[in-house]
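K.L.:
Once you've had a glance at the structure underneath, I'll fire off some questions.
Residue numbers (my numbering): 1275 to 1733.
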């Protein structure tokens, strides 16, 4: 894969080393974040998985389904978890995170989403472009895809926007992280293309929970992480100066889980497992959201919760998504199903001999009760889970953990709702965007490296 030039086994890391930035999670957000910060600072990127080898072909499009099917294998790039409702799901366990195991759809967030988040629109667009130059291609529609697109247009999903990466109303062809040869391009590619390899170390430990340890001062701060390699040897990485930061980018399940295991979260959860308190009172693991497969319920408005099952970082946490608990999600699902039904009735799709694996749609799609029951009985995942470390509750608008210095969370766990049609693009963008913001903030507030650091490039 070529990643060996920047990635090593954690066993080879010294027992103690110092870095300007320590990023926990080499996934969809962590890779672009590390690549950006490495341009000017010494960065350690820790990823719990490996490079996706050991017989698992994750580089080719045709392996998408098989990698999810074999997600229970100990060395699989995907890890299965099952929600409390019994819905089977998966999370990435490989350099590149879930961008390495997903279906490859790429689409930006809407303008309204960007403004609501309070992001700099110009910098957001440049950050998207930076990602897209490395990983995005225009897909070639096959027979079924083309027919379904035409069916949507004829069924009333208009206008026909053709190919666009923007989030727009109507029918469109989005981008793909699979190229014309079916090769996958994930966030790990951003490390290869953009990182300063002299400043970046990417390691693959088996276990890397960070420990934001308390200091004698009134305010507590994170000063490093401690983790165990594949041979059971404990390593410690610490921040080289008080201006450095530990950044958690472990995803909507991993980030709240890591913080809770580090003693950061509600006291009642920590006490059950005997975890010492570092900081508590904020709703870590609350407000976890998910949509459904084939038809995505936008938002959604239904809110779930995440709890620790055990004190072992390798064990999945308990997740209850609370599907369709908000009535508007039910309404959105029913309206979406009616749109699908309209498309299936067009001439473009009648030529296919369709076999329904799931139960058929109700014969009377105007019967709201029957349609609601169909939504609830067929609920499944499209992997767009997010939340758990929300902006405004766990982190502030700079993604800094409230009540702790030198600790941020930058990934999809901070989203109040899923951006655009698919969050992958925005999670990658956020890693680049916040990397630039951190660089600008540090250079503006400190003369520490002013003699050698130009303004960070935003091209």
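All C-beta atoms, glycine included, are put in the ideal place defined by N, C-alpha and C. This structure is a prediction, so every number in the text was calculated from the model and none was measured.
Identify every run of the beta strand (DSSP E) within the stretch 1636–1692, keeping only runs that are complete inside it and at least 3 residues long; order them along the chain.
P.N.:
Listed in chain order, they are 1681–1683.
K.L.:
Kindly indicate the opening and closing residues of the beta strand (DSSP E) around residue 1361.
P.N.:
Residue 1361 -> no beta strand (DSSP E), and no H or E assigned at all.
K.L.:
Whole beta strand (DSSP E) runs in the stretch 1580–1628 with 3 or more residues, listed along the chain?
P.N.:
You should have 1592–1594.
K.L.:
Quick check on residue 1719: buried or exposed, where buried means 16 or more other Cβ atoms within 10 Å of its Cβ?
P.N.:
Burial call: exposed.
K.L.:
Let's see if you can read the secondary structure: which residues bound the beta strand (DSSP E) around residue 1510?
P.N.:
First-last of the beta strand (DSSP E) with residue 1510: 1508–1513.
K.L.:
Could you spell out where the alpha helix (DSSP H) holding residue 1419 opens and where it closes?
P.N.:
Per DSSP, residue 1419 belongs to the alpha helix (DSSP H) from 1417–1428.
K.L.:
At which residues does the beta strand (DSSP E) containing residue 1317 begin and terminate?
P.N.:
Residues 1317–1320.
K.L.:
Counting C-beta neighbours from all protein chains within 10 Å, is the total for residue 1343 16 or more, i.e. buried, or is it exposed?
P.N.:
Its Cβ having fewer than 16 others within 10 Å, residue 1343 is exposed.
K.L.:
From the DSSP secondary-structure annotation, give me the bridge partner or partners of residue 1293.
P.N.:
Looking at the DSSP assignment, residue 1293 forms a beta bridge with 1513.
K.L.:
Here's the rule I'm using: 16 or more other beta-carbon atoms within 10 Å means buried, otherwise exposed. How should residue 1474 be labelled?
P.N.:
Counting Cβ neighbours within 10 Å, residue 1474 comes out buried, since at least 16 surround it.
K.L.:
Examine the Cβ distances between the stretch 1444–1457 and the stretch 1287–1303 and report whether three or more of them are shorter than 8 Å.
P.N.:
No, they do not touch.
K.L.:
Quick one: grab the DSSP three-state call for residue 1525.
P.N.:
Residue 1525: helix per DSSP, three-state reduction.
K.L.:
Kindly indicate which three-state DSSP category residue 1536 falls into: helix, strand or coil?
P.N.:
It is coil, neither helix nor strand.
K.L.:
How far does the beta strand (DSSP E) with residue 1447 in it extend, from its first residue to its last?
P.N.:
Counting along the chain, the beta strand (DSSP E) containing residue 1447 begins and ends at 1445–1447.
K.L.:
On the DSSP bridge assignment, give the partners of residue 1406 in chain order.
P.N.:
DSSP output for residue 1406 lists no bridge partner at all.
K.L.:
Smallest Cα separation from residue 1396: which of 1716, 1411, 1717 and 1710?
P.N.:
Among 1716, 1411, 1717 and 1710, the Cα nearest to that of residue 1396 is on 1710.
K.L.:
Would you kindly work out how many angstroms separate the C-alpha atoms of residue 1608 and residue 1645, rounded to a whole number?
P.N.:
About 6 Å.
K.L.:
Roughly how many angstroms separate the alpha carbons of residue 1472 and residue 1634, rounded to a whole number?
P.N.:
If I take the Cα positions, the gap works out to 57 Å.
K.L.:
Quick one: what's got a C-beta closer than 6 Å to residue 1681's C-beta in the same chain, skipping five residues either side?
P.N.:
Taken in chain order, the residues that qualify are 1486, 1496, 1520 and 1675.
K.L.:
DSSP puts residue 1324 in a beta bridge; with which residues?
P.N.:
Looking at the DSSP assignment, residue 1324 forms a beta bridge with 1368.
K.L.:
Could you give the DSSP three-state label for residue 1356: helix, strand or coil?
P.N.:
Here residue 1356 sits in strand by DSSP.
K.L.:
Compare the beta carbon distance of residue 1658 and residue 1696 with 8 Å and say whether it is the shorter of the two.
P.N.:
The answer is yes: Cβ separation under 8 Å.
K.L.:
Can you list, in chain order, the residues of its chain whose CB lies under 6 Å from that of residue 1468, leaving out five sequence neighbours each side?
P.N.:
These residues qualify, in order along the chain: 1309.
K.L.:
Looking only at its chain, what residues have a beta carbon closer than 7 Å to the beta carbon of residue 1671, apart from the 5 residues adjacent to it on each side?
P.N.:
Closer than 7 Å at Cβ, skipping near neighbours: 1392 and 1665.
K.L.:
Once the 5 residues before and after residue 1735 are set aside, which same chain residues still bring their CB inside 7 Å of it?
P.N.:
What is shown of the chain runs 1275 to 1733, which leaves residue 1735 out entirely.
K.L.:
Would you mind stating whether residue 1524 and residue 1532 have Cβ atoms separated by less than 8 Å?
P.N.:
The answer is yes: Cβ separation under 8 Å.
K.L.:
Helix, strand or coil for residue 1634, going by three-state DSSP, please let me know.
P.N.:
Note: residue 1634 maps to coil in three-state DSSP.
K.L.:
Express the C-alpha separation of residue 1422 and residue 1355 in angstroms, rounding to a whole number.
P.N.:
Distance between the alpha carbons of residue 1355 and residue 1422 is about 31 Å.
K.L.:
Give the range of the alpha helix (DSSP H) segment to which residue 1336 is assigned.
P.N.:
Note, residue 1336: premise wrong, no alpha helix (DSSP H); not H, not E.
K.L.:
Could you name the residues that DSSP lists as bridge partners for residue 1475?
P.N.:
Paired residue(s): 1318.
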